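A.B. asks:
Number of protein chains: 2
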Amino acid sequence: MELDALTEGFTRRDWQTVTETDDPVRFAMIGLGWWTREQAMPAVAAGELCETTVLVSGDTTKAQSVAADTPTVEQTLTYDQFHDGEASDAFDAVYVATPNARHLPFVETAAELGKAILCEKPMETTVERARQMVATCETHDVPLMIAYRMHTEPAVRRARELLREGYVGEPVVVHGSMTEPILDLVPDPDQWRLDGDLSGGCAAMDLGIYPLNTARFLLEADPVAVSGTVASVEEAFADVPDEHATFQVEFPGHTTACCTASQNAHMSSHIRVTGTAGEVRVEPAFYPWDDRQLHLSHGDGEITVDFEQVDQMETEFEYFAHCVLTETDPFADGEHGLVDIKTLKAVYEAAETGRRVAVGE
Amino acid sequence: MELDALTEGFTRRDWQTVTETDDPVRFAMIGLGWWTREQAMPAVAAGELCETTVLVSGDTTKAQSVAADTPTVEQTLTYDQFHDGEASDAFDAVYVATPNARHLPFVETAAELGKAILCEKPMETTVERARQMVATCETHDVPLMIAYRMHTEPAVRRARELLREGYVGEPVVVHGSMTEPILDLVPDPDQWRLDGDLSGGCAAMDLGIYPLNTARFLLEADPVAVSGTVASVEEAFADVPDEHATFQVEFPGHTTACCTASQNAHMSSHIRVTGTAGEVRVEPAFYPWDDRQLHLSHGDGEITVDFEQVDQMETEFEYFAHCVLTETDPFADGEHGLVDIKTLKAVYEAAETGRRVAVGE
Numbered sequence: 011m012e013l014d015a016l017t018e019g020f021t022r023r024d025w026q027t028v029t030e031t032d033d034p035v036r037f038a039m040i041g042l043g044w045w046t047r048e049q050a051m052p053a054v055a056a057g058e059l060c061e062t063t064v065l066v067s068g069d070t071t072k073a074q075s076v077a078a079d080t081p082t083v084e085q086t087l088t089y090d091q092f093h094d095g096e097a098s099d100a101f102d103a104v105y106v107a108t109p110n111a112r113h114l115p116f117v118e119t120a121a122e123l124g125k126a127i128l129c130e131k132p133m134e135t136t137v138e139r140a141r142q143m144v145a146t147c148e149t150h151d152v153p154l155m156i157a158y159r160m161h162t163e164p165a166v167r168r169a170r171e172l173l174r175e176g177y178v179g180e181p182v183v184v185h186g187s188m189t190e191p192i193l194d195l196v197p198d199p200d201q202w203r204l205d206g207d208l209s210g211g212c213a214a215m216d217l218g219i220y221p222l223n224t225a226r227f228l229l230e231a232d233p234v235a236v237s238g239t240v241a242s243v244e245e246a247f248a249d250v251p252d253e254h255a256t257f258q259v260e261f262p263g264h265t266t267a268c269c270t271a272s273q274n275a276h277m278s279s280h281i282r283v284t285g286t287a288g289e290v291r292v293e294p295a296f297y298p299w300d301d302r303q304l305h306l307s308h309g310d311g312e313i314t315v316d317f318e319q320v321d322q323m324e325t326e327f328e329y330f331a332h333c334v335l336t337e338t339d340p341f342a343d344g345e346h347g348l349v350d351i352k353t354l355k356a357v358y359e360a361a362e363t364g365r366r367v368a369v370g371e
Numbered sequence: 011m012e013l014d015a016l017t018e019g020f021t022r023r024d025w026q027t028v029t030e031t032d033d034p035v036r037f038a039m040i041g042l043g044w045w046t047r048e049q050a051m052p053a054v055a056a057g058e059l060c061e062t063t064v065l066v067s068g069d070t071t072k073a074q075s076v077a078a079d080t081p082t083v084e085q086t087l088t089y090d091q092f093h094d095g096e097a098s099d100a101f102d103a104v105y106v107a108t109p110n111a112r113h114l115p116f117v118e119t120a121a122e123l124g125k126a127i128l129c130e131k132p133m134e135t136t137v138e139r140a141r142q143m144v145a146t147c148e149t150h151d152v153p154l155m156i157a158y159r160m161h162t163e164p165a166v167r168r169a170r171e172l173l174r175e176g177y178v179g180e181p182v183v184v185h186g187s188m189t190e191p192i193l194d195l196v197p198d199p200d201q202w203r204l205d206g207d208l209s210g211g212c213a214a215m216d217l218g219i220y221p222l223n224t225a226r227f228l229l230e231a232d233p234v235a236v237s238g239t240v241a242s243v244e245e246a247f248a249d250v251p252d253e254h255a256t257f258q259v260e261f262p263g264h265t266t267a268c269c270t271a272s273q274n275a276h277m278s279s280h281i282r283v284t285g286t287a288g289e290v291r292v293e294p295a296f297y298p299w300d301d302r303q304l305h306l307s308h309g310d311g312e313i314t315v316d317f318e319q320v321d322q323m324e325t326e327f328e329y330f331a332h333c334v335l336t337e338t339d340p341f342a343d344g345e346h347g348l349v350d351i352k353t354l355k356a357v358y359e360a361a362e363t364g365r366r367v368a369v370g371e
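Structure (structure tokens):
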């Protein structure tokens, strides 16, 4: 990579050919939790290629209150109304940000309605349900993207380019971590993330998926096997196995990734790839409100790249809308998301059995 | 910890009461490889409390050449002469820096001669031999210290103080890594580190011991169980299982450490402890020629502490000599070193069996 590209062109959208449209992709936002309200909707409002026209919520009062603050919204729907296909002319795409265990039915309805689908990660709570989601979207021939916002984060894309160009040589080890005090961030002991049936798992599913998936994205490889340990110590986490999770992922060849995640720790995140010739590290990495940095070392030299931060959610929505407008296949697709579910479920099995578990077909 | 102690008093030797002596501890250096010649001997020469008076080597020509450059040296000995007790009045202590598999016989002779012993890590190649070393030193009632230079590295000692004071809250996860291109550093395909019988293992034994032991030192806890993966890919590493090693260490409670090591990767090292309330990271950490930094975060704030670098080997030798002069027990003792051997051997077993392995008594 030219040095210029690390300074002048760092935040370029290498995927973008269309920068404006008279016909933005109209979104139905499904699930109006804090992430949708405070992260997704402002991002869509700021974007050029998309807008929010419909809100779908189990809480009509909340939906109407949010609608009142959002000039582009034309309609609010209950979950039942959405499933009944009401106002389906008012949106082109859906953003599914409900509890994990409720992703599938919304995706199924959206697919039947022929809508493009952006579904939050983890895509579902079990391998079977994730598979069903992929199959449904294939049957109805609708685009399905899993919302991995690191895929369009400039620091991660530039890191991947450096890896592709051989800057670190052959990747040898990856370290990645995402930790947060969830009960400080969302001070509700009844939140769905702590409900095993709704979340499908806690630290690994909600946070461990970041270092895992970003490692996959950077290495452009999929896991072969995992081992791991999970622990729930505090009473608030009694319904899930993993207040804390630590797992080791084997990639083809001899590359391994050490991933940690905690829902009851200081907020921190990083990912680093060390190879035969150098190292790339994104730190902070995974929280959209932290200013990301890219740290590089190779030979005797070290560089830290500071750059103008992008809104990760805006970039992600713009990318997805761009795919819809240009009729190109979005990445990550459902098959890509499914690999994370298989891997994370293998982590829970490995933790329970104390054995290395192959990540199956 | 007071802020002052992070700036004004960062490099203080909190263990030191005696700063000069007319009667320095006289060392016999056993094994004159590059580490002894370029790291240990200059450190001893620079120290106030010790000096090198005897050289023990299998290569008499080399010993004489080194002796000619070292004014304090009174005597050179072959290995046989050392074992025969020749010139044993000329030294008070030994520094054992031979290949790992040869540590035990030198320690045995030194113990019989009643000398204080500083033995390089890993202390030996097998649990049995490490145990035998501990027993021998107990029988002869001589002090045995295993040479973990991170124990007297100011960044690590200050990090431990912060942990003790609760700066990070309860420790949750540790990440640590040490990687290097050994064949660039020591361009000899026949070196003992690549000989399984002489080294007892490669990346994990020689490098992985740094994040493992430093995690133990910082957490003040010993491993309960491990899982891990090792791989040797390049021909030069055919005789050892671990050109690369990745392992996960479980500590009592729910704290886990992810450790990686490679003898065929970019030179890099770090260790970080993330807890319920904050994070401490030493990076770079383990190479004496890198300028170490201590990175702290807690609440919303972050600090990077730069400090005047100390010579890690000089500090280690001074600490050991200080223990000898003040007749106090050195730490790490042999029992402490034995825990690392048990843990690392469990890592190899875990890698071979694909199972979590308890670290035994």
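The listed protein sequences correspond, in order, to chains A and B. Here the first sequence stands for residues 11 to 371, numbered as in this note's numbering. Here the second sequence stands for residues 11 to 371, numbered as in this note's numbering. Idealized CB from N, CA, C, for every residue including glycine. Keep in mind that this is a model prediction, so the values were computed, not measured.
Could you tell me whether the Cβ of Thr266/A comes closer than 7 Å to any Cβ of chain B?
C.D. replies: Along the first sequence, one-based indexing puts residue 266/A at 256. At least one chain B Cβ lies under 7 Å of Thr266/A.
A.B. asks: Please report how far the alpha carbon of Glu190/B lies from the alpha carbon of Arg23/A, in whole angstroms.
C.D. replies: Taking the first residue of the second sequence as 1, we reach residue 190/B at position 180. Taking the first residue of the first sequence as 1, we reach residue 23/A at position 13. Going from the Cα of Glu190/B to the Cα of Arg23/A covers about 35 Å.
A.B. asks: Given that a residue counts as buried once 16 or more other Cβ atoms are within 10 Å of its Cβ, and exposed if not, what is Thr70/B?
C.D. replies: Sequence index remark: in the second sequence, residue 70/B carries index 60 (1-based). Exposed, because fewer than 16 other Cβ atoms sit within 10 Å of the Cβ of Thr70/B.
A.B. asks: On the criterion of 16 or more Cβ atoms from any shown chain inside 10 Å, does Met11/B qualify as buried, or is it exposed?
C.D. replies: Taking the second sequence and counting its residues from 1, one reaches residue 11/B at position 1. Classification of Met11/B: exposed, given that the 10 Å Cβ count is below 16.
A.B. asks: Starting from the beta carbon of Val183/A, find every residue of chain B whose beta carbon is closer than 8 Å, and list them in chain order.
C.D. replies: On the first sequence, position 173 is the one that residue 183/A refers to. Chain B residues near Val183/A: Ser187, Thr189, His254, Thr256, Thr270, Ser272 and Ala275.
A.B. asks: Taking any Cβ of chain B, which residues in the segment 284-301 of chain A have a Cβ under 8 Å from it, in chain order?
C.D. replies: Of all residues in the segment 284-301 of chain A, Thr284, Gly285, Thr286, Ala287, Gly288 and Glu289 have a Cβ within less than 8 Å of some Cβ in chain B.
A.B. asks: Starting from Arg174/A, find everything on chain B with Cβ-Cβ shorter than 9 Å and list it in chain order.
C.D. replies: Within the first sequence, numbered from 1, the residue matching residue 174/A stands at position 164. The contacting residues do not exist; Arg174/A stays about 17 Å from chain B at best.
A.B. asks: Does chain B have any CB closer than 7 Å to the CB of Ser279/A?
C.D. replies: Residue 279/A sits at position 269 when you count from the first residue of the first sequence. Not one chain B Cβ lies under 7 Å of Ser279/A.
A.B. asks: Where do the ends of the beta strand (DSSP E) carrying His185/B lie?
C.D. replies: Your numbering for residue 185/B matches position 175 in the second sequence. That run of the beta strand (DSSP E) goes Pro181 to Pro191.
A.B. asks: Using DSSP's beta-bridge definition, name the partner residues of Met155/B.
C.D. replies: Position 145 of the second sequence, counting from 1, holds the residue named residue 155/B. Met155/B pairs with Leu128/B.
A.B. asks: What residue range is occupied by the uninterrupted alpha helix (DSSP H) comprising Ala56/A?
C.D. replies: Mapped onto the first sequence, residue 56/A falls at position 46. First-last of the alpha helix (DSSP H) with Ala56/A: Met51 to Ala56.
A.B. asks: Between Tyr220/B, Thr149/B and His305/B, which lies nearest to Arg159/B when the distance is taken from Cα to Cα?
C.D. replies: Within the second sequence, numbered from 1, the residue matching residue 159/B stands at position 149. If we check each option's Cα against that of Arg159/B, Tyr220/B comes out closest.
A.B. asks: Quickly, what does DSSP pair Cys268/A with across the bridge? List them, please.
C.D. replies: For the purposes of this step, residue 268/A is identified with residue 258 of the first sequence, where counting begins at 1. Cys268/A is bridged to His185/A and Gln258/A.
A.B. asks: Return the residue from the list Arg141/B, Asp205/B, Pro34/B and Gly263/B that minimises the CA-CA distance to Glu245/B.
C.D. replies: Locating residue 245/B in the second sequence gives position 235, counting from the first residue. Ranking the options by Cα distance to Glu245/B, first place goes to Asp205/B.
A.B. asks: What residues in the segment 342-370 of chain B bring their beta carbon closer than 7 Å to a beta carbon of chain A?
C.D. replies: Under the 7 Å Cβ criterion, the segment 342-370 of chain B contributes Gly364, Arg365 and Arg366.
A.B. asks: What's the call for Gln74/A, buried or exposed, on a 16-neighbour Cβ count within 10 Å?
C.D. replies: In the first sequence, counting from the first residue as 1, residue 74/A sits at position 64. Exposed: under 16 other Cβ atoms inside 10 Å.
A.B. asks: Taking the DSSP output, what are the residues bridged to Ile219/B?
C.D. replies: Sequence index remark: in the second sequence, residue 219/B carries index 209 (1-based). The partner list for Ile219/B (beta bridge, DSSP) is empty, contrary to what the question assumes.
A.B. asks: Straight-line CA distance for Val182/A to Gly285/A?
C.D. replies: Working through the first sequence from its first residue, we reach residue 182/A at position 172. Working through the first sequence from its first residue, we reach residue 285/A at position 275. Taking the straight line joining both Cα atoms gives about 5 Å.
A.B. asks: Interface residues of chain A around Thr239/B at Cβ under 7 Å?
C.D. replies: Locating residue 239/B in the second sequence gives position 229, where the first residue counts as 1. Gln258, Glu260 and Thr266, listed in chain order.
A.B. asks: Are the CB atoms of Pro233/B and Thr146/B nearer to each other than 7 Å?
C.D. replies: Counting from one through the second sequence, the residue named residue 233/B turns up at place 223. Counting from one through the second sequence, the residue named residue 146/B turns up at place 136. Contact: no.
A.B. asks: Provide the residue(s) that pair with Glu312/A in DSSP beta bridges, ordered along the chain.
C.D. replies: The residue labelled residue 312/A in the question sits at position 302 within the first sequence. DSSP, once it has assigned bridges, lists Ser307/A as partnering Glu312/A.
A.B. asks: Which same chain residues end up closer than 7 Å to Trp45/B when comparing Cβ atoms and leaving out the 5 residues on each side of it in sequence?
C.D. replies: Stepping through the second sequence from its first residue, residue 45/B is reached at position 35. Contacts found: Ala107.
A.B. asks: Below 7 Å on C-beta distance, what does Val243/B contact in chain A?
C.D. replies: Numbered from 1 along the second sequence, position 233 holds the residue referred to as residue 243/B. Going along chain A in sequence order, the residues near Val243/B (Cβ under 7 Å) are His264.
A.B. asks: Please identify, using Cβ separations under 9 Å, the residues of the segment 21-35 of chain B that lie next to chain A, in order along the chain.
C.D. replies: Listed by position along the chain: nothing, the set is empty.
A.B. asks: Gly186/B and Cys269/B look like a contact to me (Cβ under 8 Å); what is the Cβ gap, rounded to whole Å?
C.D. replies: Here residue 186/B is taken as the residue at index 176 of the second sequence, counted from 1. Here residue 269/B is taken as the residue at index 259 of the second sequence, counted from 1. Going by Cβ atoms, the distance from Gly186/B to Cys269/B rounds to 5 Å, so yes, they are a contact pair.
A.B. asks: From Leu229/A, Val166/A and Asp316/A, pick the residue whose C-alpha is nearest to that of Glu326/A; which is it?
C.D. replies: Position 316 of the first sequence, counted from the start, is the residue given in the question as residue 326/A. The residue with the shortest Cα to Cα distance from Glu326/A is Val166/A.
A.B. asks: Does Gly95/B pass the burial test, meaning 16 or more other C-beta atoms within 10 Å, or should it be called exposed?
C.D. replies: In the second sequence, residue 95/B corresponds to position 85, counting from 1. Exposed is the call here.
A.B. asks: Give the list of continuous beta strand (DSSP E) stretches no shorter than 3 residues that lie fully inside the segment 32-82 of chain B.
C.D. replies: Qualifying beta strand (DSSP E) stretches, in chain order: 35-40 and 60-66.
A.B. asks: Kindly identify the DSSP beta-bridge partner or partners of Ala235/A.
C.D. replies: The residue labelled residue 235/A in the question sits at position 225 within the first sequence. Glu260/A and Ala368/A.
A.B. asks: Along chain A, in chain order, which residues have C-beta atoms closer than 7 Å to that of Val315/B?
C.D. replies: Start at 1 with the first residue of the second sequence, and residue 315/B comes out as number 305. Correct list: empty, because the minimum Cβ distance to chain A is about 17 Å.
A.B. asks: Confirm, please, whether the CB-CB distance from Leu208/B to Val290/B is below 7 Å.
C.D. replies: Position 280 of the second sequence, counted from the start, is the residue given in the question as residue 290/B. Position 198 of the second sequence, counted from the start, is the residue given in the question as residue 208/B. Result no, Cβ atoms of Val290/B and Leu208/B do not sit closer than 7 Å.
A.B. asks: Taking Gly4/B as the reference, which of Gly238/B, Ala157/B, Pro34/B and Asp14/B has the closest Cα?
C.D. replies: Residue 4/B is absent from the model: chain B starts at 11 and stops at 371.
A.B. asks: Can you tell me which of the three DSSP states Leu208/B falls into?
C.D. replies: Residue 208/B sits at position 198 when you count from the first residue of the second sequence. Here Leu208/B sits in helix by DSSP.
A.B. asks: Glu260/B: buried (16+ other C-beta within 10 angstroms of its C-beta) or exposed?
C.D. replies: Locating residue 260/B in the second sequence gives position 250, where the first residue counts as 1. By the neighbour-count rule (16 or more Cβ atoms within 10 Å), Glu260/B is buried.
A.B. asks: Identify which residue in Val243/B, Pro251/B and Thr265/B has its Cα closest to the Cα of Ala225/B.
C.D. replies: As a first step, residue 225/B must be located in the second sequence, where it is residue number 215. It is Thr265/B.
A.B. asks: What does a CB cutoff of less than 6 Å around Glu314/B pick up in its chain, not counting 5 residues either side in sequence?
C.D. replies: Within the second sequence, numbered from 1, the residue matching residue 314/B stands at position 304. The residue asked about is misnamed: residue 314/B is Thr in this sequence, not Glu. So the list reads Gln303 and His305, once near-sequence residues are dropped.
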